[in-house]
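Heads up: the sequence lines are chains A and B, in that order.
Under the numbering used here, the residues of the first sequence are numbered 1 to 622, in order.
Under the numbering used here, the residues of the second sequence are numbered 1 to 80, in order.
Everything on this sheet refers to the single structure shown next.
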Amino acid sequence: MTEHAQVPMIALAGNPNCGKTALFNAITGGRQRVANYPGVTVERKEGSARVHSGLVVNVLDLPGTYSLNARTPDEAITRDVLLGSASVARPEVVVAVADATNLERSLGLILELRGLGTPTVLALNMMDLARRRGLELDIDALERELGISVIPTVAVRKEGIRELLEAAAGMLAPGGAGASAARPAGTMDVRARFAEVDRILRAATKRRAAPTLWTDRIDRTLVHPFFGTVIMIAVLGLMFQAIFSWAAAPQDWIRAGIGYLSQGATAVLPSGPVQRLIVDGIIAGVGAVLVFLPQILLLFSFILLLEDSGYMARAAFLMDRLMGRVGLHGRAFIPLLSSFACAIPGIMATRTIENPRDRLTTILVAPLMTCSARLPVYALLIGAFIPNTVVWGPLRLQGLVMFGLYLAGILAALAMAALFRRTILSGPRPPLLMELPTYKWPSLTNVALGLVERARLFLRRAGTVILALSVLIWFLASYPKPPAMSAEPAIHFSYAGKIGRAIEPALRPLGFDWRVGVALIPGFAAREVMVGALATVYAVETTGEGREKSLGAVLARDWSVATALSLLVWYVFAFQCLSTLAVARRETNSWRWPGFMLFSMTALAYLGSLATYRAALFFGLG
Amino acid sequence: MKKRRLGELKKGERATIVRVTEAAETGLARRMLEMGLLEGSRVELVHEAPFGGDPVAVRARGALIALRRNEANFIEVADD
Chain A
1 MTEHAQVPMI ALAGNPNCGK TALFNAITGG RQRVANYPGV TVERKEGSAR
51 VHSGLVVNVL DLPGTYSLNA RTPDEAITRD VLLGSASVAR PEVVVAVADA
101 TNLERSLGLI LELRGLGTPT VLALNMMDLA RRRGLELDID ALERELGISV
151 IPTVAVRKEG IRELLEAAAG MLAPGGAGAS AARPAGTMDV RARFAEVDRI
201 LRAATKRRAA PTLWTDRIDR TLVHPFFGTV IMIAVLGLMF QAIFSWAAAP
251 QDWIRAGIGY LSQGATAVLP SGPVQRLIVD GIIAGVGAVL VFLPQILLLF
301 SFILLLEDSG YMARAAFLMD RLMGRVGLHG RAFIPLLSSF ACAIPGIMAT
351 RTIENPRDRL TTILVAPLMT CSARLPVYAL LIGAFIPNTV VWGPLRLQGL
401 VMFGLYLAGI LAALAMAALF RRTILSGPRP PLLMELPTYK WPSLTNVALG
451 LVERARLFLR RAGTVILALS VLIWFLASYP KPPAMSAEPA IHFSYAGKIG
501 RAIEPALRPL GFDWRVGVAL IPGFAAREVM VGALATVYAV ETTGEGREKS
551 LGAVLARDWS VATALSLLVW YVFAFQCLST LAVARRETNS WRWPGFMLFS
601 MTALAYLGSL ATYRAALFFG LG
Chain B
1 MKKRRLGELK KGERATIVRV TEAAETGLAR RMLEMGLLEG SRVELVHEAP
51 FGGDPVAVRA RGALIALRRN EANFIEVADD
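Dropping the structure here:
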């Protein structure tokens, strides 16, 4: 073995749903990081741990896989790292993770990993559940038959973690046990591998585990053709209800905080351009976006809980037939659902889709799902233009319009998917082959760590892209200054005003004047910036609390209902997000598809807005 | 011992896999094997999806695997 100049790396590999991520969290605790979206081709979940001897090791959580014969981009990452063909270094030790409640199946991959030539130690995870189901294993016999160290673990209770780390670290030392272990040919056929698994288990099992009854019992209701569908709709309904109602209070607190901050800054700083830059540019612009943090976190908590418990795969199972109508795979359901929060994690979640055409179709339509960045614009315009009259029972017109906008996004995504699958991406329907994992209580640690990661990415975005855009918009809207004693508002003379007037002829047919044009330009970079941009353009002096309300009042006075409806429709369809563009470019490996998305969605938005505006005028809403 | 295809089973029926044939898509048969759908595995069709009973969920080698009847038909089974 070679000497390690740098920190040695231990990689975790195993079947999906074997508790690998829980094990990773137990080993690394909070000391972990996920590589960020931009510029990185591989999402690497990496952390570090300190072994008893004081040695620090890096720990890498590889995507779950059934074999090294990769069928998805995710599985290809695992293969490349383990075989040492990726740009990343090959791990010094592999921790093979097996689900102790289902050794019959999970040992198949372990035999494949053992044949790689990297020192390997086996973690028998979820050992508590297996014991409770009556499993009695002869660990020594298992070690003898497999030829590698076997450590029983219970990741969620941190049992066996220290032993596992010691065993892995023991193999780092020159002449470690793993390298010399007996190892059969690595190229064993799948059938032969499972025959070997059966032989090993016969030798090492003293008592077999009874089959679990809970999962089948729960599934009798949750994947029941009728009740299962009803429950799924109810779960999704609860999710959206929660995003809007539970987030309201924390959003108010954030708004109030931003209000205090901008008042404080105004009081402390001497008046002048620097004060205006900080208050109108930075605090107002970034603040308008920060308000959405509670909603984004709520949505992600639901998605993480549903995923961790094992329900998400059931939703894909229930939806496969319907998704098939538009040529999509049942698995596309999860990425599309995630896109309600943000198209970026949605597009990244398409990595679990095996077929490239299917995956590309899902990536192309994901930005049509109503992401949370559209919410501020919807909320502003609906609040300003749609009366909140009671339609029927608890249903009010504002809520219905909001629901209608979401529905329009879903229908557009499905229609475009059907169109793409029949034209540019036509081909036979790819097969469905997916495990429905055993249900388990979601681990709060896993969910919490996932949420922290999402919050970090969101705040980072607010602190970089959105901060920069806010400053830029403020500058364009403030300079050059108007000549003295001018009757026109200052914005009229600014760069922003000039740009807005230049593009006005193209926007006129949609009912947008030059001021909307000014706000749309930064909106192309990030949708939610438009609210702040409109506020700047309309020179609304109030900031922080009550800002949207007063902006809404100004818009209600200035615009026709037809213009507002047209702008709402524009927002349903238009592809306005630099980050999504960047992720789509990375995931499709060319500018061709993101370019196509930008063009087709803008065209769709233009035609949709045009039709809406004309129809609204026809019905006398001008 | 009657021979049938996995996709022809009804909900609640059990059988033993006798042959996994090369499916329409290359590599699919291999993945079925890797997921535990292989010769000698005892299988039970546990669930049927709504809107026409397709896809189905099959228990094999302790795991619950969802697949469409079309693909399940590449697997030959014998009744127990």
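A virtual CB, placed ideally from N, CA and C, is assigned to each residue, including glycine.
Span separating the alpha-carbon of residue i from that of residue j
i	j	result
W441 of chain A	D189 of chain A	36 Å
R703 of chain A	A192 of chain A	Outside the displayed range of chain A (1 to 622) lies residue 703 of chain A, so it cannot be described from this structure.
R79 of chain A	L60 of chain A	13 Å
R547 of chain A	S271 of chain A	No answer about R547 of chain A holds up, because its pLDDT of 49 lies below 50 and its placement is not dependable.
D10 of chain A	V57 of chain A	Strictly speaking, residue 10 of chain A in this sequence is Ile, with Asp absent from that position. If I take the Cα positions, the gap works out to 7 Å.
A316 of chain A	L269 of chain A	55 Å
A332 of chain A	F226 of chain A	22 Å
K481 of chain A	H492 of chain A	10 Å
V630 of chain A	P356 of chain A	Any question about residue 630 of chain A goes unanswered here, given that chain A covers just 1 to 622.
N102 of chain A	A63 of chain B	7 Å
D30 of chain B	L433 of chain A	Sequence check: residue 30 of chain B is Arg here, not Asp. Rounded to the nearest angstrom, the two C-alpha atoms are 12 Å apart.
M32 of chain B	S67 of chain A	11 Å
L534 of chain A	K498 of chain A	15 Å
A49 of chain A	R131 of chain A	28 Å
G12 of chain B	R207 of chain A	27 Å
T464 of chain A	W474 of chain A	15 Å
A448 of chain A	L9 of chain B	42 Å
Chain B within 7 Å of residue i, Cβ atoms only
i	result
E628 of chain A	With chain A represented from 1 up to 622, any question about residue 628 of chain A goes unanswered, as that position is not in the structure.
A185 of chain A	At A185 of chain A the pLDDT is 44, less than 50, meaning the model places this residue with poor confidence and gives no usable figure here.
N17 of chain A	no
P73 of chain A	no
A181 of chain A	Since pLDDT at A181 of chain A reaches only 42, below the 50 mark, its modelled position is unreliable, and the value read off the structure follows with that caveat. No, because no Cβ of chain B sits closer than 7 Å to the Cβ of A181 of chain A.
N102 of chain A	yes
L172 of chain A	no
L433 of chain A	yes
R105 of chain A	yes
A177 of chain A	Any answer about A177 of chain A is weak, because its pLDDT of 43 lies below 50 and its placement is not dependable; what the coordinates show is given next. Cβ-Cβ to chain B under 7 Å: no for A177 of chain A.
Closer than 7 Å to chain A by CB, residue i
i	result
L28 of chain B	yes
R81 of chain B	This structure gives no information on residue 81 of chain B, because the portion of chain B shown stretches from 1 to 80.
A78 of chain B	no
L6 of chain B	no
L33 of chain B	yes
A66 of chain B	yes
R13 of chain B	Per the sequence shown, the amino acid found at residue 13 of chain B is Glu instead of Arg. Not an interface residue.
E71 of chain B	yes
L38 of chain B	yes
Identified DSSP bridge partners for residue i
i	result
H47 of chain B	B:A57
M434 of chain A	B:A66
K11 of chain B	Partner(s): none; K11 of chain B has no beta bridge.
W392 of chain A	A:L395
T120 of chain A	A:V94
A670 of chain A	Past the edges of chain A, shown from 1 to 622, lies residue 670 of chain A, and the structure says nothing about it.
M9 of chain A	A:N58
S338 of chain A	According to DSSP, which records beta bridges pairwise, S338 of chain A is partnered with nothing at all.
L137 of chain A	A:T205
N125 of chain A	A:D99
C-beta contact flag for residue i and residue j at 7 Å
i	j	result
L510 of chain A	L610 of chain A	yes
L111 of chain A	V94 of chain A	no
A525 of chain A	L568 of chain A	no
R69 of chain B	G27 of chain B	no
L62 of chain A	A169 of chain A	no
E76 of chain B	P431 of chain A	no
L306 of chain A	T229 of chain A	no
A204 of chain A	E145 of chain A	yes
I151 of chain A	A123 of chain A	yes
I353 of chain A	H329 of chain A	yes
A468 of chain A	S494 of chain A	no
A379 of chain A	I161 of chain A	no
A564 of chain A	F385 of chain A	yes
L37 of chain B	A60 of chain B	yes
S106 of chain A	C18 of chain A	yes
Residue i Cβ short of 6 Å to the ligand ATP heavy atom set
i	result
A192 of chain A	This structure does not include the ligand ATP; it has no bound ligands of any sort.
| task | Anything in the region 46-68 of chain A with a Cβ closer than 7 Å to a Cβ of chain B? List those residues in chain order, please. | result | Y66 and S67
| request: Taking only beta carbons into account, state which residues of the region 48-64 of chain B come closer than 7 Å to chain A, listed in chain order. | output: E48, A49, P50, F51, G52, D54, P55, A57, R61, G62, A63 and L64
| request: Would you list, in chain order, the members of the region 304-324 of chain A that have their beta-carbon closer than 7 Å to a beta-carbon of chain B? | output: The region 304-324 of chain A vs chain B, Cβ under 7 Å: F317, L318, D320, R321 and L322.
| query | What residues from the region 186-211 of chain A come within 8 Å of chain B, judged by C-beta to C-beta, listed N to C? | reply | V190, R191, F194 and P211
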